[in-house]
Amino acid sequence: MVRSELVKQSPLRILDASTNGGVGKGNVGVLAARHGVGKTSALVHIATDKLLQGKHVIHVTFASRTVHIIDYYEEIFTEISKVKDLAGAMDLHDEIAPRRTVMSFDQKTTNTAHVIDSLRSRIHSGGFPAELVIVDEFDFLHADLSDLMLFKSFAKEEGLELWFSISLDQEGDFANQPVPVILERHLVNIDILINLRHHPDDGKVHLELVKDHGAKPKDMHLVLDTKTLLISPE
Numbered sequence: 002m003v004r005s006e007l008v009k010q011s012p013l014r015i016l017d018a019s020t021n022g023g024v025g026k027g028n029v030g031v032l033a034a035r036h037g038v039g040k041t042s043a044l045v046h047i048a049t050d051k052l053l054q055g056k057h058v059i060h061v062t063f064a065s066r067t068v069h070i071i072d073y074y075e076e077i078f079t080e081i082s083k084v085k086d087l088a089g090a091m092d093l094h095d096e097i098a099p100r101r102t103v104m105s106f107d108q109k110t111t112n113t114a115h116v117i118d119s120l121r122s123r124i125h126s127g128g129f130p131a132e133l134v135i136v137d138e139f140d141f142l143h144a145d146l147s148d149l150m151l152f153k154s155f156a157k158e159e160g161l162e163l164w165f166s167i168s169l170d171q172e173g174d175f176a177n178q179p180v181p182v183i184l185e186r187h188l189v190n191i192d193i194l195i196n197l198r199h200h201p202d203d204g205k206v207h208l209e210l211v212k213d214h215g216a217k218p219k220d221m222h223l224v225l226d227t228k229t230l231l232i233s234p235e
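Numbering (my numbering), first residue to last: 2 to 235.
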């Protein structure tokens with residue numbers, strides 16, 4: 002399978018179709034789930050799809066070590082290659098790898114303005130024309146309303162897409178409601194909200210669309226394959 006077919010046949014085209022074209026430039030998407038359900042894997046699959054389209058991706062992490070993020074990218078690409086029988090996989094890997102970069106911050110000591118300044122510097126001074134920024138495990142619990150507003154303004158000014166992930170471990174019994182309590186006050190600045198839910202009846206992790214810009218959310222019929230870590234049709 003060649004790259005153009007790979008992109009065209011990706012289950013992420015279902016995500017695009019279900020969300021009126023995806024997050025879109027200047028907009029914010031959020032993946033929410035309990036710890037260990039697969040948020041990072043899902044985000045990395047979204048990022049790898051962009052890389053395969055020839056776009057640049059910045060992955061922001063607040064973890065102290067970044068090697069595990071690179072490992073996710075390697076695992077996702079390997080699984081895509083195997084599942085889709087990708088021709089010239091290693092050559093393609095070597096082509097897209099320079100278009101991804103990981104930036105690490107300590108959220109306890111770094112404010113949002115500094116993160117955004119660093120991203121702008123990487124994009125402009127560093128000559129890295131990112132079209133997608135992933136912000137993994139952002140601390141929405143301690144974030145002010147202004148923090149997400151700053152991120153959204155940054156996305157609009159730079160003409161890029163922003164995807165966040167959030168852990169719902171602190172939600173307790175409220176983690177199963179459509180809009181997590183922790184996100185209620187931020188919802189006005191979120192364009193797409195997707196919950197990753199583990200369904201005990203079939204053992205799969207389902208992607209449940211909760212907010213889709215201003216449209217009524219659709220059932221996407223997408224799951225996260227817990228074996229391959231890829232987003233797949235039901």
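From the three backbone atoms N, C-alpha and C, an ideal C-beta is built for every residue, glycine too.
- As a beta-bridge residue in DSSP terms, Leu223 pairs with Pro234.
- Here the C-alpha atom of Leu225 lies approximately 30 angstroms from the C-alpha atom of Leu146.
- Beyond the five residues adjoining it in sequence on each side, Ser19 comes within less than 7 angstroms, by CB distance, of Leu210, Lys219 and Met221 in the same chain, given in chain order.
- Distance check between Val24 and each of Ala156, Ile183 and Ser168 places Ala156 closest, using alpha-carbon atoms only.
- Taking every protein chain shown into account, the CB of Glu162 has 16 or more other CB atoms within 10 angstroms, so this residue is buried.
- Distance from the Cα of Lys109 is smallest, within the candidate group Thr229, Lys212 and Ser65, for Ser65.
- Contact between the stretch 60-74 and the stretch 33-40 is absent: fewer than 3 CB-CB pairs across the two stretches fall below 8 angstroms.
- With a minimum length of 3 residues, the unbroken runs of beta strand (DSSP E) contained wholly in the stretch 91-132 fall at 101-105.
- Taking C-alpha positions only, Leu120 is separated from Asp202 by approximately 42 angstroms.
- For the pair Lys51 and Lys9, the Cα-to-Cα distance works out to about 12 angstroms.
- The distance from the Cβ of Glu80 to that of Leu231 is about 6 angstroms, consistent with a contact at the 8 angstroms cut-off.
- The three-state reading of DSSP puts His214 in coil, since its state is none of H, G, I, E or B.
- For Glu185, there is no enclosing alpha helix (DSSP H), as DSSP marks it with neither H nor E.
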